[in-house]
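In full-length UniProt numbering, the protein residues as written are 1 to 113.
For each residue, glycine too, the CB sits at the ideal point set by N, CA and C.
Predicted model, so just to flag it, every value in this text is computed and none were measured.
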């Protein structure tokens, strides 16, 4: 079955976060006020908070369990999607991404970031 959300990894606009089907841009449901999807104007970093959580809050055992849990669930994910996900873990924290990549057998993925 096809995903019912945009953006996604399978449709014609895959890989482009803000180039999506215009039908998905505005809600078909009656609401009060305008409901739309727009590119944010702020420079928020999606990776700072999870990186801080991994580095400063997680103890060694929690880091290990988190890495093994994520990598274990990603083993059946198609490689191109898994590589994109691992790149996000690298952006949060290099150790986080490197250990997930190692378990999944993605040598040299850091060099392609």
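Tell me, to the nearest whole angstrom, how far the beta carbon of residue i is from that of residue j; I am working on the premise that it is less than 8 Å.
i, j, result
"residue 47", "residue 92", "4 Å"
Tell me which residues share the same chain as residue i and place their Cβ nearer than 7 Å to its Cβ, disregarding the 5 neighbours each side in the sequence.
i, result
"residue 58", "66"
Taking the alpha carbon of residue i as the reference point, which residue from the options has its own alpha carbon closest?
i, options, result
"residue 75", "30, 102 and 96", "102"
"residue 73", "104, 39 and 10", "104"
"residue 94", "55, 61, 68 and 106", "55"
"residue 64", "37, 97 and 28", "97"
Who are the near neighbours of residue i in its chain, counting only those whose CB is closer than 8 Å to its CB and skipping five residues on each side?
i, result
"residue 70", "89 and 100"
"residue 44", "none"
Should residue i be labelled buried (16 or more other beta-carbon atoms within 10 Å of its own) or exposed?
i, result
"residue 33", "exposed"
"residue 108", "exposed"
Spell out a yes or no on whether the segment 71 to 85 and the segment 48 to 58 are touching, meaning 3 or more CB-CB pairs, one atom from each, closer than 8 Å.
no
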